[in-house]
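Q: In this note's numbering, the protein residues as written are -4 to 442. Note that CB positions come from ideal geometry on N, CA and C, so glycine has one too. Remember, it's a predicted structure, so these values are computed and weren't measured experimentally. I am attaching a structure below and will ask some questions about it afterwards.
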């Protein structure tokens, strides 16, 4: 799942459906002397700065590679789960198309991705990317995709509300017991202030349940991928904690069935003490919801065991020609995978345009590439990096765990358990977990 949001209910703006020749296939215009590729996840026109950066980077790429023509399709969100499989099966996917980490194996299983293994030498950056991220797109020893970004979950909190509640903003909660205590004090400020918020709809409740279970040292699915492992003491602890904050402490507010946008609005308005998210939520809280960088901080996942990681990358249409695959890999290197440069890494350009630099995103690169990226980022930081120090330090001690197989289907099941404890005071936690476990087993059995 993509961390910022899950504004995935919006309809993708891809023009593929208007002209099938603009998407996928092996139409590489070789007769014109150019290799033509279509790509997606171009920022929409409403995101003016990001759109301009993307267009500038494509223009510079085409100038450096006059034999390649890049046709970009804008879309927000970059992938709509309602239409993703239909586009794949209908042959309408772009030559180089965006995917969540959780999509990788599914796309390969239904035979809709090109095998990139013979072409990896064309991607200069490949060996500099963290192996655990590369492995997400590796199936049966073959590489089918390239990571673009990664994230890990943490606890975003409002420093100002911490101070008002008599809490030390430089010592955020490290256990769920401490989260509960802090939430109670913050909610006691009154005026509609909520101590802690959590999602419980649109699969997002299941997503957060998974993150909280990992933090407690639990698992959603067994190591063999065949059986659910949520009917456990750790899972009971997750639901019991949510139930008690909601009904015993009254620290989660009366409005439930929240999604990410609800939490972002409350946090940006200064009415929420804490919620789980990744660092890339912070600029959204500031630019779209009225928050302040100085008031917003992030700590590692409470519990001290593990944190959920996710992210995205690009895969290639199964009918791409060798020339299109090579062109697409060159494009990825230029756009996303050169430290300190490109759409995501040009920190000098970002700072000049008042875009945030210095957020503690998980590191994509290793070795010398990572050192270069971090050096340029630090030199151009324009946000209070001290607010993220505990997140960076704490993450080093946590296991990094990817989302479970069949994540979206499983999250849908777990939504029911989370929403039940937050909307029903007498919810039967044992029964909820037993029922959810059976449903998950059925999902896993279907493969």
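Given this structure, state the Cα-to-Cα distance separating residue 133 from residue 158, to the nearest angstrom.
A: 47 Å
Q: Classify residue 127 as buried or exposed, calling it buried when 16 or more other Cβ atoms lie within 10 Å of its own Cβ.
A: exposed
Q: Residue 17 by DSSP, collapsed to three states: which one?
A: Unreliable placement is indicated for residue 17, whose pLDDT of 44 sits below 50; no coordinate value is reported for it.
Q: Tell me the residue span of the alpha helix (DSSP H) that contains residue 84.
A: 79 to 84
Q: For a quick check, are the C-beta atoms of residue 311 and residue 91 less than 8 Å apart?
A: yes
Q: Excluding five sequence neighbours on each side, which residues of the same chain lie with their C-beta closer than 7 Å to the C-beta of residue 367?
A: 334, 335
Q: Find out if the Cβ-Cβ distance for the pair residue 383, residue 292 is shorter than 8 Å.
A: Cβ atoms of residue 383 and residue 292: closer than 8 Å.
Q: What is the residue span of the beta strand (DSSP E) that residue 270 lies within?
A: 267 to 272
Q: With distance defined between alpha-carbon atoms, name the residue in 205, 186, 250, 65 nearest to residue 32.
A: 65
Q: Is it the case that the stretch 386 to 400 contacts the stretch 205 to 222, given that we only count it when at least three CB pairs across the two stretches are under 8 Å?
A: yes
Q: In whole angstroms, give me the CA-to-CA distance for residue 107 and residue 30.
A: In this structure, the CA atom of residue 107 is about 21 Å from the CA atom of residue 30.
Q: List the whole-angstrom C-beta distance separating residue 288 from residue 378, where the pair is believed to meet the contact cut-off of C-beta under 8 Å.
A: About 5 Å; that satisfies the 8 Å criterion.
Q: Am I right that residue 426 and residue 242 are in contact with their C-beta atoms under 8 Å? What's the rounded C-beta distance?
A: So it is not a contact: roughly 17 Å between Cβ atoms.
Q: Measuring alpha carbon to alpha carbon, tell me which residue in 137, 228, 199 is nearest residue 256.
A: Residue 199 is the option with its Cα nearest to residue 256.
Q: Quick check for students: name the residue ranges of the alpha helix (DSSP H) that lie wholly in the stretch 303 to 332, counting only runs of 4 or more.
A: 317 to 330
Q: Under DSSP, the alpha helix (DSSP H) around residue 262 begins and ends at which residues?
A: 255 to 263
Q: Indicate the three-state DSSP secondary structure (helix, strand or coil) for residue 200 in the structure shown.
A: Correct three-state label for residue 200: helix.
Q: Please tell me whether residue 60 and residue 325 are closer than 8 Å, where the distance is taken between their beta carbons.
A: yes
Q: What is the DSSP secondary structure of residue 228, counted as helix, strand or coil?
A: helix
Q: Could you check whether the stretch 253 to 268 touches the stretch 232 to 242, counting it as contact only if at least three pairs of C-beta atoms, one from each stretch, sit closer than 8 Å?
A: A contact between stretches requires three or more CB pairs, one per stretch, nearer than 8 Å, and the stretch 253 to 268 fails this requirement with the stretch 232 to 242.
Q: Measure the Cβ-Cβ separation of residue 434 and residue 413 and say whether it is below 8 Å.
A: no
Q: Have a look at 423, 417, 313, 192 and flag the residue whose alpha-carbon is nearest the alpha-carbon of residue 110.
A: 313
Q: Rank 440, 410, 142, 122 by C-alpha distance to the C-alpha of residue 431 and give the top, closest one.
A: Comparing alpha carbon positions, the residue from 440, 410, 142, 122 closest to residue 431 is 410.
Q: Using beta-carbon positions only, say whether residue 99 and residue 131 come within less than 8 Å of one another.
A: yes
Q: I need the straight-line Cα distance from residue 0 to residue 156, nearest angstrom please.
A: Reliability of the predicted coordinates at residue 0 is poor, the pLDDT of 43 falling under 50, and the value obtained from them is presented with this limitation in mind. Distance between the alpha carbons of residue 0 and residue 156: 24 Å.
Q: What does DSSP give as the partner residues of residue 360 in its beta bridges?
A: 124
Q: Look up residue 56 in the DSSP assignment and say whether it is helix, strand or coil.
A: helix
Q: Where does residue 421 fall in DSSP's three states?
A: coil
Q: At 3 residues or longer, what runs of the beta strand (DSSP E) sit wholly inside the stretch 174 to 222?
A: 189 to 191
Q: Using the C-alpha atoms, what's the distance from residue 236 back to residue 180?
A: 16 Å
Q: Pick helix, strand or coil for residue 101, following the three-state DSSP scheme.
A: helix
Q: Note the first and the last residue of the continuous alpha helix (DSSP H) segment covering residue 154.
A: 154 to 159
Q: Quick one: give me the first and last residue of the beta strand (DSSP E) that residue 394 is part of.
A: 394 to 397
Q: Would you kindly check if the distance between the Cβ of residue 72 and the Cβ of residue 149 is under 8 Å?
A: no
Q: I'd like to check one pair, residue 359 with residue 113: are the Cβ atoms closer than 8 Å?
A: no
Q: Verify whether the separation of the beta carbon atoms of residue 188 and residue 182 is less than 8 Å.
A: A contact, by the Cβ cut-off of 8 Å.
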